[in-house]
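Take 1 as the starting number for the sequence shown in the UniProt record's numbering and just add one per residue.
Beta carbons: idealized from backbone N, C-alpha and C, even for Gly.
First the structure, in the form of structure tokens, and then the observations on it.
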Amino acid sequence: MQPDVWDVPGAQWRPVDARLARVRLINLYLVCVPLAGVAALLAVWWWGQRFAWLIAALALALLILRTVAIVRAVKVWAYAETDEHLLVRHGIWTRRLSIVPYGRLQYLDVTADPVSRVYRLATLVLHTAAATTDATVPGLSPQAATELRDRLAEVSGARTEGL
Numbered sequence: 001m002q003p004d005v006w007d008v009p010g011a012q013w014r015p016v017d018a019r020l021a022r023v024r025l026i027n028l029y030l031v032c033v034p035l036a037g038v039a040a041l042l043a044v045w046w047w048g049q050r051f052a053w054l055i056a057a058l059a060l061a062l063l064i065l066r067t068v069a070i071v072r073a074v075k076v077w078a079y080a081e082t083d084e085h086l087l088v089r090h091g092i093w094t095r096r097l098s099i100v101p102y103g104r105l106q107y108l109d110v111t112a113d114p115v116s117r118v119y120r121l122a123t124l125v126l127h128t129a130a131a132t133t134d135a136t137v138p139g140l141s142p143q144a145a146t147e148l149r150d151r152l153a154e155v156s157g158a159r160t161e162g163l
């Protein structure tokens, strides 16, 4: 049996908060439901009621698929800290494992949109010199995000002092 490429030996994976799914679903519905309504109204105006039902059915099907995808995606999102790296894994269709060396961190952001603030969740965004770095840890409590940010800032500062 081959080793799992998505697992790192010795890493203790921490899942993101399950409330992240609710936050992402609310954000999705806040955008998609009004847009689907406008699309249905425009379809009635341009092509008649039959096409409005078709547009509404397609929008509903896409919304259901996206809802399932969001719930599943949140379940697989996790992060781990090792002695030298921060590991972030996510994705259900295209799985992704990002390994960010502490010495490469340039700065860290903690962000929260309005819905996340209602649910008391924050996102930690790691920035490196590489333009393609995708190291984002969503679904953290504000306290956990702040603690992780401070820990990473301290460790990365110690790793880059000699450069």
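Between the options, which lies nearest to residue i when the distance is taken from Cα to Cα?
i: Ala40; options: Glu154, Leu54 and Ala80; result: Leu54
i: Ile26; options: Gly37, Ile70 and Trp47; result: Ile70
i: Pro138; options: Val5, Arg22, Asp7 and Thr67; result: Arg22
i: Ala78; options: Arg72, Glu84, Val155 and Arg89; result: Arg89
i: Arg66; options: Trp47, Arg50, Ile92 and Glu84; result: Ile92
i: Leu124; options: Val118, Pro142 and Ala130; result: Pro142
Who are the near neighbours of residue i in its chain, counting only those whose CB is closer than 6 Å to its CB and skipping five residues on each side?
i: Met1; result: With a pLDDT of only 49 at Met1, under the threshold of 50, the placement of this residue in the model should not be trusted; the figure read from the coordinates follows. Contacts found: none.
Could you check if residue i is buried or exposed, using at least 16 other CB atoms within 10 Å of its CB as the buried criterion?
i: Val100; result: buried
i: Leu148; result: buried
i: Gln12; result: exposed
i: Val68; result: exposed
i: Thr132; result: exposed
i: Asp113; result: exposed
i: Leu60; result: exposed
i: Val38; result: exposed
i: Asp7; result: exposed
i: Arg95; result: exposed
By DSSP, does residue i sit in helix, in strand, or in coil?
i: Asp109; result: strand
i: Gly10; result: coil
i: Glu81; result: strand
i: Gly37; result: helix
i: Val5; result: coil
i: Asn27; result: helix
i: Arg22; result: helix
i: Val76; result: helix
Quick one: residues in its chain with C-beta nearer than 7 Å to the C-beta of residue i, no 5 flanking neighbours on either side, listed in chain order?
i: Thr128; result: Val100, Arg104, Leu105 and Gln106
i: Lys75; result: none
i: Arg14; result: Ala78, Tyr79 and Ala80
Going by the beta-carbon positions, is the gap between residue i and residue j smaller than 8 Å?
i: Leu30; j: Leu121; result: no
i: Thr146; j: Val115; result: no
i: Leu108; j: Leu126; result: yes
i: Val155; j: Tyr102; result: yes
i: Ser98; j: Ala135; result: yes
i: Thr82; j: Gly157; result: no
Spatial neighbours of residue i within its chain, please: CB distance less than 8 Å, with the 5 preceding and 5 following residues excluded, ordered by chain position.
i: Ala36; result: Ile55, Ala56, Ala59, Leu60 and Leu63
i: Leu140; result: Val16, Asp17, Leu121, Ala122, Thr123, Leu124 and Leu148
i: His85; result: Ile99, Val100, Pro101 and Tyr102
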